[in-house]
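Asks: Provided herewith is a single structure, encoded as structure tokens, for subsequent inquiry.
Residue numbers (the numbering used here): 195 to 364.
So, in structure tokens, the structure goes:
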């Protein structure tokens, strides 16, 4: 197996485990009976990145975060979100071909830039949650949020050059 595939599959294995353990510093260490299936599922996801295993393990981690932390959003989310995104992108890239096929640098750079753009939203969302925590819910805030997400999606889609997959920086 080429080095690029080994590295990608290592990220698929470690991403969900890091994201799961990130709740620990907030005082909510996952129990062993949850950690074992997540590690095993991450192993299956690393071996078969084109299966449903990566998504299933990610959803399991998100479920733990929901149960363990309830309404709070600790700073550990700034570790968990990149870990889950890295695992997701690594699984996507590892599934581009057979395990014996190395990935070319151009594809890795393209998806690396895309992942970095997605990661830019994490600190902004975290700061927004912290600033709005405890504030009374304003009527229409969800409608405004969905509208903003739709506008951002349309703008991002309009900026992508479909021939190259690159973002047009005009």
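We treat Cβ as the ideally placed atom computed from N, Cα and C, and that holds for glycine. Here the structure is a predicted model, which means the values were calculated and not measured.
1. Among 309, 307, 215, 314, which one has its Cα closest to the Cα of residue 259?
2. From 293, 226, 322, pick the residue whose C-alpha is nearest to that of residue 268; which is it?
3. If distances are taken between C-alpha atoms only, which option among 235, 302, 327 comes closest to residue 206?
4. What is the rounded straight-line gap between the Cα of residue 221 and the Cα of residue 253?
5. Which whole-angstrom value is the C-beta distance of residue 273 and residue 210, which I expect to be below 8 Å?
6. Hey, residue 239 and residue 285: beta-carbon distance below 8 Å or not?
7. Can you tell which of 246, 294, 339 has its C-alpha closest to the C-alpha of residue 196?
8. Report the start-end ranges of each alpha helix (DSSP H) in the region 211-253 that is 4 residues or longer and not cut off at the edges.
Replies: For this structure:
1. Taking each of 309, 307, 215, 314 in turn and checking the Cα distance to residue 259, the smallest one comes out for 215.
2. If we check each option's Cα against that of residue 268, 322 comes out closest.
3. Answer by Cα proximity: 235.
4. Taking the straight line joining both Cα atoms gives about 21 Å.
5. Not a contact, Cβ separation roughly 13 Å.
6. With contacts defined as CB atoms closer than 8 Å, residue 239 and residue 285 qualify as a contacting pair.
7. With respect to the C-alpha of residue 196, the residue from 246, 294, 339 having the closest C-alpha is 294.
8. 226-241
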